[in-house]
Structure formats: structure tokens, C-alpha cells
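Down below is the structure, laid out as C-alpha cells.
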Amino acid sequence: MIKEIKLPEIAENIDTAVVVEILVSVGDKVEKDDPLAELESDKAVFDLPSEASGTVKEIKVKKGDKVESGQVLFTIDTTSGEGEEKEEIETKTEKTEEAKEKKAEEKKEEKKEEKKEAPADEKKEVAEKTEEEAAIKAEEDTELAGEIPASPSVRRIAREIGVNIKKVSGSGPEGRITADDVKDFAKRQLEDSKKAVAADDYQLPDFSKWGSIKREKMDTIRKLTAKEMTGSWQSIPHVFQFDKADATGLENFRRKYSKMVEKEGAKLTVTAILLKLTAEALRVFPRFNTSIDMNSEEIIFKEYINVGVAVDTDRGLLVPVIRNTDKKSITELSVELKEVAEKARNKKIMPEELQGGNFAISNLGGIGGTSFTPIVYRPNVAILGVSRSQTEAVYIDGEFKPRMMLPLSLSYDHRVIDGAEGARFLRWMCEAIENPMLTMF
Ligand code: CAO
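Residue numbers (our numbering): 5 to 445.
Below you can see the structure in the form of C-alpha cells.
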């Protein structure tokens, strides 16, 4: 039997990927779950596993191709492979589905043909064409009716102005999509594309006039980073707040209890401890755990706490998300942080692991620096920047004492968070680092 290997659904709002590497050749024997290709999408690089054991029969893509969810990338001859029976059933099911789709398409074509064959003068032809289009659209409308909460007339408007109605969120009762929602969406699309054009408007000088140059193509991660950072910077009115925490106790704690975490195969690092404290801070300051919806003029409070961690990889910056950060122990957070950082660096992170974060931590302290101003990742409203801790002379009770001071910065979206709240949040973080018992109140 021949098994088609398609690009699966990747993650919400992501249905394309780029082929980074083909890992097999025609004729290769593969086992179920063996990687066939390396793909890149939304900054994540991941393997496409074979869904069946057998022999690679066809490779339908090449390195650099842009592929879509549902597209067939490989075919596997499962005749010699294990689990043949199961694959056969799967193929049959797929074939039935394909047959259904094909039949529906044929029906549409038949309708078109019938109309074309009818004897007609020009006027009649125009009328028939209109009728035919209406019939096709009515069919499409019926297909969509179950899943898209919009009336046929709204769907028609969307079609006419080239808006994918599946991407529009409805403002009507029970999320119903109105004509205005569609038009607003189209306006935003237009504005976004204008902004993108504006960003490219700058005319570079001819650098080769002053010396030799070399041009390098931006890879997907660099392009996405450029797009996302420009979008975040242009749309978020940033404010930056700085503070310093006395992390002497935290450092002692880290040294004393690191063995407990090492037993689980990870290190007890500053970032893992800050993840735990940040989760608490987001509970105390729920405005930092929101997103802003300027279209509906609403602030969306999330009742879950997912914190992203900026990871420096040789392909660029990635921000995997630790889900339900508040529900995990420091040991669990240390282990998970190690795992996601390794996955991000070894090209094993999946796009969905980079989604759904409400807040982020960016720790550059392992490298150095006294302070920096990270950009808030849309749709988050704040990010915590951590610089390098160092021993400083701190004046306490009439004398200078050596204390390990950790510089923190908070970048936040001033549309949602006011200055006083920003200062309170960062002060709370500093106090929690100095006296973690405070988080228990
Ligand atoms: N001050 C002083 N030392 C620090 C520190 C800090 N703020 N943060 C980490 N360190 C030390 C660690 O203690 C460790 O030292 P030892 O090896 O002696 O124990 C060393 O630096 C390396 O730490 P690490 O990087 O292995 O561990 P981590 O959990 O603290 O950090 C991660 C994990 C993924 C955040 C980090 O590896 C990383 O990638 N940081 C870069 C993030 C980045 O690029 N941000 C920029 C984004 S722009 O917004």
C-alpha cells in the first residue's frame, strides 16, 4: 500500500512551513516515526516523522520549498513495512475522504458543464453564469455555515473583498461575525501591509563604494524576528523601569539546594527561580498577565499563567513557553527550562511550544551587562529583563556590606500598565527575591 505523508496541522494560525533539509532518499527503508524531513515554521525547526514503516517511494518536495498543511510531501510504500493492515485502513479512510472531496468537486464541475451546454444567447449565458456562481457560493456557504458564525451576506462581503472569514473574530452576540467586523479586518490588513511597505521604504546607500561587501539571505527565524520586533516596537508604547534586588540569599539558596535539582538532571539556575517568583507576581498583579484588544477596546485577563523564556540559540532568539508556570515546583521548572532550552537549540522545538505565553523573562546575566531594555513580545504586555548579578558594597545599618546585587529591568505596555504599577511590580519582584516568604501571603 502507498501511504501519503502530509504536512500536519502545525499550530494555531500557522499552516505553512519551509523545508530545511530532506533526511531520506528514494528507496530508503524507514520505520514509523523516523524523521523524513526537517521543517521550519514560525521560528521553530522540527522533524516530520514518517507515519508508517516501509520504503520511501517518492519525495515530492525539495530543500527550500514552502509547504502547506495537508500537502503531500512523501509517499511510503508500506508493503514491506510493519503495521501494514493499519496503514491500509488509514489509507482507505483517507481515500474515502478524498473520494468525497473529489465527488463534491465533480458535482460543481458538472453543474458548470450543464450550464455551459445549455443552448443560450449571450443574455441567457450571463444569467446562467450568475446562477451558477450563486449555486457554487450557496454550496460553499452551506459547507461553512456549521463552523463560521456569519450570515451568507457577511460571508459574501468577505469573499468579495478577499478576506479569509476564518481569521475574523466576531463582535456580535455569541461571537457572530458582522459586516463591520469583516470591513475592520480588511482595513487592518491594509494598514499592516502599508506598514510593512513603509519599513522597506528606506533606500540603502551603495556600501560597495566604501569597500567590499557580502550579502547573506535572512533565514526564516531572522525574517520573523525582524517582523515581530518591528510590529511590537511600532504598536506598543514602551516604558522601561529598572531596579536592583539583593540576591545574596538567593545565591546561597541556589548553592545549598542545587544538589536536589541535579538529582533530576537539571541545574538550579537564577532563571528557574525567577520563573517561580514571576508566576507569583503575575497572580498578585493580574494586569501583567493580559493582552490588549484595541479593536474591541478590551483588556483580556488570562486565568492561566504561561511564562515564556528567551533562549539564545545559534539560529537566533526563540521564546519557548513554560505552561502553567504557577503550578510547578522549582525542580520541575528547572527540568523543563533545561528541556525547552535544549530543544530550542537542537532544532526540536515545535511551533506550538513557542505560542501561548503571557509574559516573558529574558536573562542575559549569563553573558554580562548591567542593564538592558527588552522589547515586549506582542501580544504580551510586559517582559522582565535580567542582567548580571555582581558583588557590590551596599550601605546597611551604618556600614558597607558586600552583597550580590541582581539588576532587573521591566519593559511594559503603557496602554495597559501605568508607571506606578510598573514600579510596584518590579519592587515586588526585588522584595520576593530578597525574602521569598513574602510570596506566601
Ligand atoms: N547573573 C549572574 N550569573 C548568571 C545570571 C545572572 N543574571 N544568569 C545566569 N547566570 C550564570 C548561571 O548561574 C550559570 O553559571 P554557573 O554555570 O556557574 O552555574 C551561567 O550563568 C549560565 O547560566 P545558564 O544560561 O546555563 O542558565 P539559566 O537558567 O540562568 O539561563 C537561559 C537559561 C535559556 C535563559 C539562557 O541560557 C539564555 O539563553 N539566555 C539568553 C537570553 C537572551 O538571549 N535574551 C535576549 C532576548 S532580547 O529580549
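Glycine is no exception: its CB is placed at the ideal position from the N, C-alpha and C atoms.
These numbers come from a predicted model, not from an experiment.
Residues close to ligand 1 by the beta carbon criterion (under 7 Å to any non-hydrogen atom) are, from first to last along the chain, Lys271, Thr273, Val274, Thr275, Ala276, Val313, Ala314, Val315, Asp316, Leu321, Leu341, Ala345, Ser366, Asn367, Leu368, Gly369, Gly370, Ile371, Pro378, Ile379, Ile387, Gly389, Val390, Ser391, Arg392, Ser393 and Leu410. The beta carbon of Gly426 sits closer than 7 Å to the beta carbons of Val243, Gln245, Leu414 and Tyr416 from its chain, once the five residues preceding and following it are set aside; these are given in chain order. In this chain, the beta strand (DSSP E) harbouring Asn367 covers Phe363 to Asn367. The C-alpha of Tyr399 is placed about 40 Å away from the C-alpha of Ser236.
Shown here, Gln245 sits in a strand according to DSSP, grouped into three states. Measuring C-alpha to C-alpha distances from Thr234 to each of Asn350, Val323 and Val380 identifies Val380 as the nearest. Under DSSP, Ser413 shares a beta bridge with Phe246 and Gly389. Fewer than three beta-carbon pairs drawn from the region 382-395 and the region 327-344 are found closer than 8 Å, and the two stretches are therefore not classed as touching.
Within the region 259-337, the complete beta strand (DSSP E) segments of 3 residues or longer fall at 294-297, 302-305, 311-313, 315-317 and 320-322, listed in chain order. The criterion of a C-beta distance shorter than 8 Å is not satisfied by Arg419 and Thr252.
With a 10 Å radius around the Cβ and a threshold of 16 neighbouring Cβ atoms, Thr374 comes out exposed. Straight across, the Cα-Cα distance linking Lys191 with Arg163 is about 15 Å. A straight-line Cα-Cα distance of about 46 Å links Phe363 and Asp81. DSSP lists no bridge partner for Ala183. The beta carbons of Asn310 and Ile334 sit no closer together than 8 Å.
Assigned with DSSP and collapsed to three states, Arg407 falls in strand. Assigned with DSSP and collapsed to three states, Leu11 falls in coil, not helix or strand. Inclusion of Leu322 and Leu358 in the CB contact set at 8 Å is warranted, their separation being smaller than that value. Burial is judged here by how many other beta carbons sit within 10 angstroms of a residue's own beta carbon; Pro177 has fewer than 16 and is exposed.
In this structure, Pro12 is the residue among Asp318, Pro12 and Asp401 with its C-alpha nearest to the C-alpha of Val76.
No residue range can be given for Ile169, since it is assigned to no alpha helix (DSSP H) and is classified by DSSP as neither H nor E. DSSP places Gly74 in no beta strand (DSSP E); its state is neither H nor E. Close CB contacts of Asp46 within its chain, under the 6 Å cut and outside five residues either way in sequence, are with Ile18 and Pro355 (chain order).
By DSSP's assignment, Leu52 forms a beta bridge with Ala41. With contacts defined by Cβ atoms closer than 8 Å, Ile387 and Pro378 form a contacting pair.
The Cβ-Cβ distance between Ala15 and Leu43 does not fall below 8 Å. By the C-beta density criterion, Ile165 is exposed, having fewer than 16 other C-beta atoms within 10 angstroms. Under the criterion of beta carbons closer than 8 Å, Ile365 and Ala283 do not qualify as touching, at roughly 10 Å. Judged by their CB atoms, Ile63 and Val30 are nearer to each other than the 8 Å cut-off. Judged by their CB atoms, Val34 and Gly58 are nearer to each other than the 8 Å cut-off. Membership of Lys61 in the beta strand (DSSP E) is indicated by the continuous run Gly58 to Ile63.
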